[in-house]
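First the structure, in the form of structure tokens, and then the observations on it.
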Amino acid sequence: MNRLPLMTHQSASDIVAFRHGEAITVHQFLADVAQLRAILLPGKHVLNVCRDRYRFMVGLAAAMTANKISLLPSTYTHETIRQMVRFAPDVFCLSDGDNDIDLPQLSLPEGFPVSAANHNLPIPLLPETLPVSYVFTSGSTGSPVPHLKTWGALVGSVRAEAQRLGLLDGRTHAVLGTVPPQHMYGFESTILIVLQCGGALSAPQYFYPADICAELSLLPRPRLLVSTPIHLRALLGMSSPLPPADLLISATAPLTQDLAREAETRFDAPLQEIYGSTETGQIATRRSAETDEWSLLPELRLTSQLGRVWASGGHVEQATELSDRLEIINDERFLLHGRTADLVNIAGKRSSLAYLNHQLNSIPEVQDGAFFMPDDGAAGSVKRLIAFVVAPGVDAHSIYAKLRERIDPAFLPRPLQIVDALPRNNTGKLPREAFQLLVTTLHHKEENNPGTP
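Residues in the sequence shown are numbered from 44 upward in steps of one, following this note's numbering.
This is how it looks when you write it as structure tokens:
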């Protein structure tokens, strides 16, 4: 059986993380993994909700070396936890802070990690076939669906990413992420990329742009910022100079070319966008400031059957249907035209939510906005799009008039509602369940104010 190392660092003194001003070595990390592995609860499945990225990585490695499987849903709502229990009745929760998750709990003590053991521990070698995690879809189109990830597939994915991004040059790359490690993108690009490229992660999970910039400025170079469009937009909204980076990485939603170019200028670094899915992991990249075309990672291929596109090869262990509409240009490149589920058909006219959202967010006054297509109503009723917009100091009528100049009248929202913020999750996505709650709130407002456009 072929085995692959947990990490590719060359020395016990190599740095694997930066945590509150402290550099953590491979020696310390392996000791922490052994310490945690010894106290893991007996269940086979672990819900790792640690916010501290280093503690998450220790928990992941402890579970892997104990032959336990990590469950990584994108949210922790009560319904999601009930789904986790139905899926894995023996699941327990590994956490580093207070939570209201109704599961058996293993809480890391405040002083964890403790000082390392006096002797060096070997880097574990793990079977390629080892089940590492079940990663769950975001629920943006319905209930989360589990997808099993083996160690061999995960290593193949991040090594292909590292090769494409130039991270296999022997240097220690410091990685700061604004996306949580429980999300497939954050899992690959802030945790596994560090383990498999001899890198070092930034442990704290910061929220405010000023804190993110302060942490980035303290990291040694070369340094990577792994982020999302919504987080990049918040960072670019700062008036003060941004700390230089050596590489920007973005995913979870397509970037506009203008936003990519501004990010490259302000951070003085190239930006690479990653395309992938929970089902496949990452499969392509593009330099968003320069091209709309995506380039497949090595050994991957796309095939089209009956109007649907399938990915296979490389780290994708079996042919997997994609939920997006892709235009295959050649064996290596393609264009993305939005999600299949985003197609909208009104009065015989077709568009996509991705296109409509792009037009809405291109209006200068709009800080954030999204269209939503409600579920079918009563038989014979006319379905209407709804739009929620964050545009401080601007009224809905003004945004509506500017939107009318950009899209076909058939797709104009009824209504367009100004809100303080959209219910995005910590990866910047908008789960359908959260949208439904927003719609319910809107309907209550409409009853009292029927004149909203």
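No residue lacks a Cβ here, since even glycine has one placed at the ideal position from N, Cα and C.
Counting other Cβ atoms within 10 Å of its Cβ, D145 stays below 16 and is therefore classed as exposed. Nearest to E65 by C-alpha distance, out of E258, Q402, S338 and S176, is E258. In terms of Cβ geometry, A203 and H358 form a close pair [threshold 9 Å]. Membership of Q239 in the alpha helix (DSSP H) is indicated by the continuous run I236 to C240. DSSP, reduced to helix, strand and coil, places A354 within a strand of the structure shown.
In the three-state DSSP reduction, C93 falls in the coil class, being neither helix nor strand.
In summary, A246 is buried, with 16 or more beta-carbon neighbours lying within 10 Å of its beta-carbon over all protein chains present. In this structure, the beta-carbon distance from L481 to L465 falls below 9 Å. Separation of A55 and V218 (C-alpha to C-alpha, rounded to the nearest whole angstrom) is 19 Å. The beta carbon of R449 is closer than 6 Å to those of Q402 in its chain, skipping five residues each way along the sequence. Counting only unbroken stretches of 3 or more residues, the beta strand (DSSP E) elements lying wholly within the stretch 284-350 are 290-293, 314-320, 324-329, 337-339 and 344-348, in sequence order. Three or more Cβ pairs closer than 8 Å define a contact, and the stretch 233-244 meets that threshold against the stretch 205-224. By the Cβ neighbour-count rule, H226 is buried, with 16 or more other Cβ atoms within 10 Å of its own. In this structure, R351 sits away from L340, with a CB-CB distance that is not shorter than 9 Å. Between the beta-carbon of V222 and that of V269 there is about 6 Å, and that keeps the pair under the 8 Å contact cut. For the 9 Å CB-CB criterion, D411 and V437 do not form a contact. Rounded to the nearest whole angstrom, the CA to CA distance from G86 to D133 is 5 Å. Nearest neighbour of F250 by Cα position, chosen from A477, L173 and G471, turns out to be G471. For I273, no beta strand (DSSP E) run applies; the uninterrupted alpha helix (DSSP H) run containing it begins and ends at P272 to L279, by DSSP. Sequence-distant Cβ neighbours of T172 in its own chain, meaning closer than 8 Å and more than five residues away, are M44, T193, W194 and G195. Straight-line spacing of the CA atoms in A413 and N400 works out to 5 Å. Inclusion of L291 and P313 in the CB contact set at 9 Å is warranted, their separation being smaller than that value. Residues of the same chain with a CB within less than 8 Å of the CB of L455, apart from the 5 flanking positions on each side, are L428, Y443, L446 and R447 in chain order. Rounded to the nearest whole angstrom, the CA to CA distance from D75 to V101 is 7 Å. In the three-state reduction of the DSSP assignment, E122 falls in the helix class. Here DSSP, grouped into helix, strand and coil, assigns K111 to coil.
Taking a C-beta distance under 9 Å as the contact criterion, F155 and L79 qualify as a contact pair.
Residues Y97 and A246 of the same chain have their beta carbon placed closer than 6 Å to that of R62, with the five preceding and five following residues left out of the count. The continuous stretches of beta strand (DSSP E) do not include F155, and DSSP gives it neither H nor E. Here the C-alpha atom of M107 lies approximately 6 Å from the C-alpha atom of V175.
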